[in-house]
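Okay, so the sequence shown: first residue is 36 according to the numbering used here, each after it adds one. Here the structure comes first, spelled out in C-alpha cells, and everything after it is commentary.
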Amino acid sequence: MRLRFWGTRGSLPKPGPSTMRYGGNTPCVEVRTADGQLVILDCGTGVQGLGQALLAAGEGPVRGHLLITHMHWDHIQGLPFFAPLFAPGNEWDIYGPGSAGQPLQALLEGQMAYPYFPIALQQFGATIRYHTLVERAFQIGDLRVTPRYLNHPALTLGYRLDTGAATVVYATDHEPHMPYQPDVALPGVGSASWLTHREEQGHMAFLAGADLVIHDAQYSLTEYQQRLGWGHSPVEYAVDVALAAQARQLALFHHEPWHDDDTLERLVEACRQRVAAGPGTLHVFAAAEGQIMDVPETQSHTRPHGDDPAYLGEPATTRARAHTVLIVDDEPQTVRLVTDALRPEGYRVLAVSDGEAALRLAWAERPALILVHWHVSSAQGLEICRALRAEPDPPLHRVPMVLLASQTAGEHIAAGFAAGVTDYLPMPCKPTYIRARVCGWLLRTRLETAGDPSFSGTGHRRQMTL
Ligand SMILES: [Zn+2]
Ligand SMILES: [Zn+2]
Numbered sequence: 036m037r038l039r040f041w042g043t044r045g046s047l048p049k050p051g052p053s054t055m056r057y058g059g060n061t062p063c064v065e066v067r068t069a070d071g072q073l074v075i076l077d078c079g080t081g082v083q084g085l086g087q088a089l090l091a092a093g094e095g096p097v098r099g100h101l102l103i104t105h106m107h108w109d110h111i112q113g114l115p116f117f118a119p120l121f122a123p124g125n126e127w128d129i130y131g132p133g134s135a136g137q138p139l140q141a142l143l144e145g146q147m148a149y150p151y152f153p154i155a156l157q158q159f160g161a162t163i164r165y166h167t168l169v170e171r172a173f174q175i176g177d178l179r180v181t182p183r184y185l186n187h188p189a190l191t192l193g194y195r196l197d198t199g200a201a202t203v204v205y206a207t208d209h210e211p212h213m214p215y216q217p218d219v220a221l222p223g224v225g226s227a228s229w230l231t232h233r234e235e236q237g238h239m240a241f242l243a244g245a246d247l248v249i250h251d252a253q254y255s256l257t258e259y260q261q262r263l264g265w266g267h268s269p270v271e272y273a274v275d276v277a278l279a280a281q282a283r284q285l286a287l288f289h290h291e292p293w294h295d296d297d298t299l300e301r302l303v304e305a306c307r308q309r310v311a312a313g314p315g316t317l318h319v320f321a322a323a324e325g326q327i328m329d330v331p332e333t334q335s336h337t338r339p340h341g342d343d344p345a346y347l348g349e350p351a352t353t354r355a356r357a358h359t360v361l362i363v364d365d366e367p368q369t370v371r372l373v374t375d376a377l378r379p380e381g382y383r384v385l386a387v388s389d390g391e392a393a394l395r396l397a398w399a400e401r402p403a404l405i406l407v408h409w410h411v412s413s414a415q416g417l418e419i420c421r422a423l424r425a426e427p428d429p430p431l432h433r434v435p436m437v438l439l440a441s442q443t444a445g446e447h448i449a450a451g452f453a454a455g456v457t458d459y460l461p462m463p464c465k466p467t468y469i470r471a472r473v474c475g476w477l478l479r480t481r482l483e484t485a486g487d488p489s490f491s492g493t494g495h496r497r498q499m500t501l
C-alpha cells in the first residue's frame with residue numbers, strides 16, 4: 036500500500052509559518068493498493084489538494100472510495116471542494132456512520148444545505164453511492180475494510196485496512212475509554228490498568244499487528260488531563276496502545292491546532308523515549324502533510340477481524356425512537372442528564388430508582404439498553420447486572436448494560452465486567468458521549484442478533500429476584 040497524507044491537523048485548519056513542516060489542513064489520507072484501488076480516509080480540507088492532483092493526472096474517469104470517520108466539520112468540510120465529485124463519468128462510493136437513525140447521505144446533505152453552502156449534494160455530477168456503515172467488514176477489491184466504533188462524542192468509526200499482506204489502521208478522534216494515566220510499569224507490556232476496560236481490549240485487538248497505525252494523538256498528557264471528554268488522546272496513550280497491539284509503526288495524527296512544528300517534534304521525541312524505556316519496538320513519527328510512505332506487502336497476515344464475508348450493513352435506517360432505554364439511578368441529576376441527552380434523539384427513556392423496580396420494568400418493557408448507576412438505593416448496581424445476566428431469556432440476558440460510575444471507581448471496573456457489564460462510562464460525562472455510546476451499542480446489538488431466532492423477545496416472563 037502507498038499512502039499520502041493530505042491533511043493531518045485536527046479540529047481546525049491551521050495554515051501558517053508555525054505549521055509548515057507538519058501542515059495545517061484537516062484530516063485526509065490517500066491510500067493506493069497494489070490492485071489499483073483508490074481509498075481516501077476522511078474528507079477534511081486536505082482533500083481539496085488531492086482532488087486537484089487527481090484532475091491534473093488526467094487519467095480519465097476516476098473511480099474511488101471515500102471512508103469518512105464521522106461528521107465533525109474537520110472530517111467533512113473538504114467534501115464540497117473535492118472536484119472529482121463534480122465530474123460526470125467519475126464513480127465514487129462514500130462510506131461512513133449514520134446517526135440516531137439518519138443515514139449517511141442525510142448527514143452529508145446537512146452540511147451542504149442552502150444556508151451553509153450554495154451547492155447541494157444532489158448537484159455532484161459523478162455517479163455516487165452512499166453506504167451507511169455499521170461494524171461489519173466489507174471488501175474493496177482485494178482490500179478488506181473493518182470498521183470499529185471509537186470513543187468520541189459523536190458516532191465515529193475507525194477503519195482497519197487489510198490486504199492480507201499489509202495492514203493499516205486509521206483510528207482518529209478517539210479518547211481512552213477510562214481516564215488514562217501512564218503506567219508506572221513499562222509501557223506496552225499488556226497488563227496496564229487502562230487495559231482493564233473491555234473496550235480498550237477491543238481497541239487493542241483492532242490495532243493488533245498492524246504495519247502502520249495512524250492514531251489520534253492530539254494532546255500532551257497535561258492538555259489531555261484538562262480536556263477529559265473532548266474526544267482525543269494524549270500521545271503517551273497512542274504509544275502504549277500501539278505497543279500493546281504490537282504494531283510496527285505509529286503515525287501521530289490529528290495534531291492540536293495550537294501545536295507548532297517544534298512542539299510536535301518535542302512530542303515525537305518524548306514518544307520515542309517512552310518506547311525505548313520498554314521492551315517493545317515501535318517506530319513513532321508525526322504524520323506530515325505531503326508525506327508519502329509505502330507499506331510493503333510482504334508479510335503474511337492473519338485477519339483478526341471481520342471474517343463475515345457479507346457486504347456492509349446498508350443502511351442503518353431504523354429510527355432511534357423504536358428503542359427504549361432504561362436508566363436505573365437514584366440521583367435525579369444523572370437521570371436528567373441521560374434523559375436530556377437521549378429524548379431529543381427520539382429514544383424512549385424510562386427511569387427507576389431502585390433495583391427491584393428495575394428488574395420488574397426490564398421484564399415488562401424489554402429495553403434495548405440499560406444504564407445502571409454504580410450505587411442505587413435498594414440494591415447495588417452490580418447486583419442488578421448479575422441478576423439480569425443470570426436470566427436464560429435472550430433479550431434480557433444479552434441486553435447491553437452500561438455502568439455509570441465515577442472516575443475514581445477505577446478499581447471496581449474489573450468487578451463490573453465480571454458481573455456482566457457491557458461497558459463502563461466514567462461520570463461525569465457529556466450528553467454527546469451518552470448519545471454516541473448508546474447509538475453504538477444499539478447498532479452493535481442489532482448486528483449481533485440479526486437472524487438469531489432466540490432473540491425474538493417472546494421469552495416467558497417470570498419473577499426475578501436480586
Ligand atoms: Zn477531528
Ligand atoms: Zn471529531
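Even glycine gets a Cβ: it sits at the ideal position worked out from N, Cα and C.
Sequence-distant residues of its chain with Cβ nearer than 6 Å to residue i (five each side left out)
i: Ala69; result: Glu332
i: Gly225; result: Reliability fails at Gly225, whose pLDDT of 48 lies under 50, so the model's placement of it is uncertain and the value that follows must be treated cautiously. For Gly225, where only same-chain residues beyond five positions count, the Cβ hits under 6 Å are Ala279.
i: Glu186; result: Checking the sequence shown, residue 186 turns out to be Asn, not Glu. Closer than 6 Å at Cβ, skipping near neighbours: His209, Glu210, His212.
i: Tyr215; result: Trp229, Tyr272
i: Leu423; result: Leu431
i: Pro350; result: Residue placement at Pro350 is poorly supported in this model, since its pLDDT is 39, which falls under 50; the coordinates still yield a value, given next. Counting only Cβ-Cβ distances below 6 Å, and skipping sequence neighbours, we find Pro138, Thr167.
i: Met462; result: Leu439, Ser441
i: Arg233; result: Phe452
Cutoff 8 Å; reference residue i; Cβ partners in own chain excluding five residues on either side
i: Thr480; result: Ala403, Leu404, Arg433, Val434, Pro435
i: Leu142; result: Met106, Gly131, Gly133, Ser134
i: Gly532; result: Here the chain has residues from 36 to 501 only, and residue 532 is not among them.
i: Arg356; result: Here the model assigns Arg356 a pLDDT of 40, short of 50, so the residue's position is not dependable, and the following value carries that caveat. Cβ within range, chain order: Gly136, Gly381, Tyr382, Arg383.
i: Pro339; result: Confidence at Pro339 is low in this model, with a pLDDT of 48, below 50, so the placement of that residue is unreliable and no value is reported for it.
i: Met36; result: Val66, Arg67, Thr68, Ala69, Leu196, Thr198, Ala201, Val203, Asp329, Val330, Glu332
i: Asp246; result: Ala201, Thr202, Val203, Ala282, Arg283, Gln284, Val330, Pro331, Gln334
Cβ pair residue i, residue j closer than 8 Å
i: Ala282; j: Gly244; result: yes
i: Arg309; j: Val363; result: no
i: Leu460; j: Gly451; result: no
i: Leu190; j: Cys474; result: yes
i: Ala277; j: Tyr57; result: no
i: Leu38; j: Val330; result: yes
i: His504; j: Arg44; result: Residue numbering for the chain in the displayed model covers 36 to 501; residue 504 lies beyond these limits and cannot be assessed.
i: Val204; j: Leu178; result: no
i: His250; j: Leu299; result: no
i: Arg171; j: Leu396; result: no
i: Thr231; j: Ala454; result: no
i: Lys49; j: Gly264; result: no
i: Leu406; j: Val360; result: yes
i: Ser53; j: Pro292; result: no
i: Leu478; j: His358; result: no
Rounded Cβ spacing between residue i and residue j (contact assumed at less than 8 Å)
i: Leu120; j: Phe159; result: 5 Å
i: Gly51; j: Ile75; result: With a Cβ gap of about 25 Å, Gly51 and Ile75 do not count as contacting.
i: Ala376; j: Arg470; result: 5 Å
i: Thr248; j: Cys306; result: According to the sequence shown, residue 248 is Val rather than Thr. Val248 to Cys306, Cβ: 12 Å. No contact.
i: Gly84; j: Trp41; result: 5 Å
i: Leu302; j: Ser255; result: 6 Å
Own chain residues within Cβ distance below 7 Å of residue i, not counting five before or after
i: Tyr346; result: Only weak support exists for where Tyr346 lies, its pLDDT of 35 falling under 50; the coordinates are left without a value.
i: Met55; result: Asp296
i: Gly266; result: His187, Pro188, Asp208, Glu210
i: Val456; result: Cys420, Met436, Leu438
i: Cys78; result: Cys63, Leu101, Ile103, His110, Ile111, Gly113, Leu114, Phe117
i: Val370; result: Ile362, Asp364, Ala386
i: Leu372; result: Pro466
i: Asp218; result: Ala227, Ser228
Quick check on the contact list: which residues have their beta carbon closer than 7 Å to a heavy atom of ligand 2? The set of residues with CB atoms less than 7 Å from any heavy atom of ligand 2 reads, in chain order, His105, His107, Asp109, His110, His187, Ala189, Thr191, Asp208, Gly266.
Does the contact criterion of 3 or more C-beta pairs under 8 Å hold for the segment 176-193 versus the segment 152-167? Of all C-beta pairs linking the segment 176-193 to the segment 152-167, fewer than three are shorter than 8 Å, placing the two stretches out of contact.
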